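>
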Amino acid sequence: MRLLEANNIHGGYGGADILHGASIRVDNDEIVVIVGANGAGKSTLMKAVFGLLHVREGEVLYQGKPITNTRPEQMVSRGIAYVPQEYNIFPSLTVQENLEMGAYALRGNIRPRLEKVFSVFPRLRERRRQEAGLMSGGERQMVAIGRALMIDPKLLMLDEPTAGLSPKLIDETFERIRGIRNLGIGVVMVEQNAKQALAIADRGYVLATGANRFEDTGANLLANREVAEMFLGG
Amino acid sequence: MYILVELLQLSIYGIVLGSILTLGAIGVSMIFGILRFAHFAHGDLITVGAYTGLGFLMMTNAPFWFALPAGMAGAAIIAVLIDQTVYKRIRRRQPVILLISSFGIGLILRSFVQIIWGPHVFSFPGGIQRPWLVWELAIIPNHVWIFLAALIIVTLLHLFLTRTRVGKAMRAMSDNMDLALITGIPAERIIMITWLLGGALAAGAGVLLGLDSRLTPTMGWNILLPVFAAAIVGGIGRPYGAIAGGMLIGLAMEISTLFLEPSYKPAVAFLIMVAVLIARPHGIFKGAW
Amino acid sequence: MELSGIAAYLVSFFTFVGIYGILALGLNMQWGFTGQFNIGIAGFFAVGAYTSAILTTPESPWHLGGFGQPFLVGVLGAVIVSALVGLLIGWITARLRTDYLAIATIGIAETLRLIIANESWLTNGVRGMSGIDRPFSDFFQALGLSSAMGSLIVVAAFLAGVYFLVERARQSPWGRVLRAIRENEPATEAAGKNIGRFRLEAFVVGSAIMGLGGALYAHYFGFLSPEAFLPLYGTFLVWVMLIAGGSGNNLGALVGAVVIWTIWSGSEFVMSASLPEGYGGYAGPLRVILIGVLLQVILIARPEGLLPERAPQAIATTRRERARQQ
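Protein chains in written order, with numbering that gives the first Met the number 0: chain A, 0 to 233; chain B, 0 to 288; chain C, 0 to 325.
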């Protein structure tokens with residue numbers, strides 16, 4: 000089923016537009032990866048879809064209903080979770096408190112959801128009383144994604160989840176993201192580690208100067224010579 | 000020997016003053032943590048809290064301790080009203096605009112106190128107390144009550160911040176406002192609760208300060224500088240640091256009277272603050288909240 | 000009121016407008032141009048006033064000096080001493096963020112007030128200093144003018160001089176750098192400007208102007224006590240004037256001084272005329288509330304003030320510089 004659809008998005012940070020008609024779509028149970036050169040508007044597109052910056056033209060549909068320029072807190076209550084690239088944890092809160100904050104918008108018993116996150120990231124259970132700011136980069140990323148999972152999202156949006164991680168941790172993170180998809184959650188992520196990301200992607204988009212350049216299955220994009228030359232470092 | 004007794008005696012006063020400063024400084028620190036501005040009306044909020052408590056006692060003839068919850072409730076409501084009518088409208092501009100606005104709000108509050116209660120000096124009922132003699136030290140019963148009351152208030156606040164959803168959300172907002180919004184934490188409601196707590200804590204400081212000495216329209220303004228000093232020494236934006244900062248400033252102010260005129264006490268607090276600002280701009284105590 | 004009474008009132012009114020205008024220009028140098036948040040104006044005001052008083056009064060057993068120097072020496076001394084105090088404070092607080100600077104400056108102002116109140120050997124403490132002469136009173140008497148009128152002329156002359164200087168400074172390359180710092184500090188720093196130095200210079204110049212205002216106040220009023228330097232009169236009114244007039248705009252600072260002083264002193268008349276017998280004590284607090292509410296209304300409804308800052312040339316320069324770097 001069609002989960003998210005963003006059509007012909009134009010917008011930016013107030014000055015000149017950065018996005019010039021970018022479009023994406025995400026279905027249930029799939030990982031969608033957005034790649035592209037620096038400044039292509041990948042992160043901007045994520046923010047525009049999530050309502051963090053103004054969409055000047057175009058529309059965003061979620062489960063078929065328009066949500067263009069909806070405020071972030073309403074996105075959360077509809078089941079869309081977003082993990083920014085940086086500053087994505089509450090450093091002075093413990094791991095468990097970070098996760099609890101993720102569920103703030105939803106009332107009710109959070110225990111089962113906490114258990115679900117701990118089953119995806121067992122390390123977080125061991126360290127749940129630890130202050131999140133004192134953890135390693137990989138662990139912080141787990142906390143950030145775990146916090147987003149606490150709202151029981153139908154759609155998870157990740158902005159460069161593997162930035163700054165060691166190769167081993169990158170593998171592990173992608174493995175977890177597959178696990179999340181297998182829970183029935185649609186995942187859309189922006190990635191610099193394009194090859195690895197496309198390898199686990201069901202579908203992918205290549206963005207250039209704020210608009211779609213290519214879209215195909217992850218495997219096809221990886222096999223596309225033009226894409227490989229331009230964006231995947233040969 | 001005499002000097003030791005004197006030092007211990009002053010330390011008792013210092014802890015009492017530190018308890019009062021702590022309550023004010025935690026509020027300043029919380030407001031700074033979430034709204035990123037130094038709230039210059041906080042001293043006058045302290046005054047308003049003390050007088051509200053006094054007003055409640057005058058109207059109801061209730062025993063003294065009712066002044067504490069009554070003043071806290073009154074100042075909490077007033078703080079929220081100020082935020083909703085004034086600060087909220089200018090929150091999106093530079094934080095310093097809020098600062099100058101709060102300076103004006105402080106003067107307005109002080110003037111209302113002068114209009115309603117006149118220039119007279121008031122005291123809470125209780126009269127002069129005979130001190131308890133412990134070893135060589137004279138301990139005034141009220142000082143013990145002030146310390147215990149502050150301890151209870153701080154403990155309750157600690158439980159609130161670490162055990163409740165809203166308390167944790169306050170800490171989260173102070174940590175990372177953008178992420179809090181993305182997470183779906185309702186910022187406006189949390190800001191309102193911050194003002195409720197800040198106002199209540201200020202009133203706690205005010206009532207206890209009034210119990211320790213007297214009530215005057217400038218009582219809060221006069222301790223604003225030490226309150227800021229306590230908040231900054233503890234690392235502004237970090238309420239737990241404010242406890243240590245409050246005690247340190249309170250002790251330093253009282254002990255300084257061994258060799259300085261007592262009227263220079265606020266200047267002592269100020270000098271420590273400046274020294275800390277220069278040496279450790281983020282406060283001397285590590286950790287966040 | 001008799002005609003002569005009205006004339007005397009007007010002389011006093013405009014003298015105060017002039018003194019407050021000078022303070023507002025000093026604050027504009029610090030806040031309007033450079034974005035430095037000084038809420039210790041009262042402290043610099045006091046330093047200037049007491050310095051000039053100590054220098055010019057005849058020798059007295061009640062306070063330091065006096066040294067019996069002429070008026071202009073007193074003014075010069077006031078400017079120098081307040082500039083030095085500004086230098087010291089500016090140097091200490093150079094690296095502080097805006098709100099810390101605010102707390103530090105009010106702390107210094109309050110500390111100075113405590114010193115003035117407590118150090119009797121220096122200032123005669125709370126009993127205050129009296130017998131401070133009005134400027135050039137013999138000369139003005141020879142012209143057939145009252146000493147109050149003479150003070151007004153002297154204040155007006157200094158105000159014109161200060162206005163000329165700060166306007167020149169605003170249009171100079173130096174002033175443009177100050178505004179560039181205020182608008183975009185990293186870009187200005189990247190353009191190779193020594194930010195700390197420019198900032199300190201603006202702070203010192205502003206402090207010196209405030210000290211000048213203090214000296215003129217001392218010589219007009221003739222009597223000084225710590226009461227005159229409470230934050231309400233020394234600091235708050237000046238801030239309201241600058242914000243009402245338009246920070247960053249020197250003419251705005253003067254307009255603000257006129258408008259706010261009119262409201263402040265006019266409200267005294269209105270209240271003493273309209274408050275019932277026995278309620279006179281309420282006039283002071285009510286006037287403060289009036290000004291306080293006015294400030295909030297301005298901040299909410301017209302934050303740029305009556306005369307907004309003109310020709311933000313510095314911003315354009317900075318943008319261009321930023322573009323060049325990229």
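We treat Cβ as the ideally placed atom computed from N, Cα and C, and that holds for glycine.
Predicted, not measured: the structure shown is a model, and the values here were computed from it.
What number of angstroms, rounded off, separates the C-alpha of Phe13(C) from the C-alpha of Val153(C)?
12 Å
> Counting pairs of Cβ atoms below 8 Å between the stretch 88-97 of chain B and the stretch 170-183 of chain B, do you hit three or more?
no
> Compute the Euclidean distance between the alpha carbons of Glu184(C) and Glu308(C), then round it to the nearest angstrom.
19 Å
> Within its chain, find whatever has a CB closer than 7 Å to the CB of Glu320(C); leave out the 5 residues flanking it on each side and keep chain order.
Residue confidence for Glu320(C) is low, a pLDDT of 45 falling below 50, so the modelled location carries little weight; the figure read from the coordinates is stated next. So the list reads Ala186, Ala190, once near-sequence residues are dropped.
> Would you call Gly286(B) buried or exposed, if buried means 16 or more other Cβ atoms sit within 10 Å of its Cβ?
Only weak support is given to the placement of Gly286(B): the predicted model assigns it a pLDDT of 47, under 50, and the question is left unresolved by the model.
> Between which two residues does the alpha helix (DSSP H) carrying Asn219(A) extend?
Its alpha helix (DSSP H) spans residues 217-222.
> Tell me whether Met58(B) is buried or exposed, calling it buried when 16 or more other Cβ atoms sit within 10 Å of its Cβ.
exposed
> In three-state terms, what does DSSP make of Val32(A)?
strand
> Quick one: residues in its chain with C-beta nearer than 7 Å to the C-beta of Thr172(A), no 5 flanking neighbours on either side, listed in chain order?
Gln140, Pro160, Thr161, Leu164
> Could you say if the stretch 131-151 of chain A and the stretch 89-108 of chain A meet the contact criterion of at least three C-beta pairs nearer than 8 Å?
yes
> How many Å lie between Pro185(B) and His119(B) at the Cα?
44 Å
> At a CB distance below 7 Å, what residues from the stretch 250-265 of chain B approach chain C? Give them in sequence order.
Here the close residues are Glu260, Ser262, Tyr263, Pro265.
> Under a three-way DSSP split, which group does Trp134(B) fall into?
Correct three-state label for Trp134(B): coil.
> List the DSSP bridge partners of Leu197(A).
For Leu197(A), which the question treats as bridged, DSSP gives no partner whatsoever.
> Along chain B, in chain order, which residues have C-beta atoms closer than 8 Å to that of Asp132(C)?
The contacting residues do not exist; Asp132(C) stays about 31 Å from chain B at best.
> Excluding the 5 residues preceding and the 5 following Ala201(C) in the sequence, name in chain order all residues of the same chain whose CB lies nearer than 8 Å to its CB.
Met28, Gln29, Phe32, Thr33, Gln35, Leu177
> With 8 Å set as the bound, which would you pick, yes or no: does the beta-carbon of Asn117(C) sit closer than that to a beta-carbon of chain B?
yes
> CB of Phe258(B) to nearest heavy atom of the ligand HEM: below 7 Å?
You won't find the ligand HEM in this model; it holds no ligand whatsoever.
> Mapping DSSP to helix, strand and coil, what is Asp158(A)?
strand
> Measure the alpha-carbon distance for Glu187(B) versus Arg170(B) and round it to whole angstroms.
14 Å
> Measuring alpha carbon to alpha carbon, tell me which residue in Gly101(A), Gln62(A), Ser22(A) is nearest Thr43(A).
Ser22(A)
> With a cut-off of 8 Å, do at least 3 Cβ pairs link the stretch 53-63 of chain C to the stretch 122-134 of chain C?
yes
> Give, in chain order, every residue of the stretch 87-110 of chain A whose Cβ lies closer than 7 Å to some Cβ of chain B.
Asn87, Phe89, Pro90, Ser91, Leu92, Glu96, Glu99, Met100, Gly101, Tyr103, Ala104
> If you follow the beta strand (DSSP E) that Tyr204(A) is part of, which residue opens it and which one closes it?
Looking at the DSSP string, the run of the beta strand (DSSP E) that includes Tyr204(A) is 202-207.
> Just the Cα atoms here: how many angstroms apart are Tyr99(C) and Ile8(A)?
43 Å
> Within this structure, are the beta carbons of Leu211(C) and Gly47(C) separated by less than 8 Å?
yes
> Would a check of beta-carbon distances place Tyr81(A) closer than 8 Å to chain B?
yes
> Identify whether Arg133(C) lies in helix, strand or coil by the three-state DSSP scheme.
coil
> Looking at the strands, I want to know which residues DSSP matches up with Leu60(A).
Per DSSP, Glu4(A), Pro65(A).
> When the Cα of Met176(B) is compared with those of Pro71(A), Gly183(A), Gly78(A), Phe117(A), which residue comes out closest?
Pro71(A)
> Flag Ile181(B) as yes if its beta-carbon sits less than 8 Å from any beta-carbon of chain A, otherwise no.
yes
> Is there a Cβ of chain A sitting closer than 8 Å to that of Leu178(B), yes or no?
yes
> Since Leu113(C) and Pro265(B) should fall inside the 8 Å C-beta cutoff, what is the C-beta to C-beta distance between them, to a whole number of angstroms?
7 Å
> Using the rule of at least 16 other Cβ atoms within 10 Å of the residue's Cβ for burial, across every protein chain shown, is Pro83(A) buried or exposed?
buried
> Beta carbon of Gly26(B), beta carbon of Leu210(B): below 8 Å?
no
> Check whether chain B comes within 8 Å of Trp61(C), counting only Cβ atoms and requiring the distance to be less than that.
no
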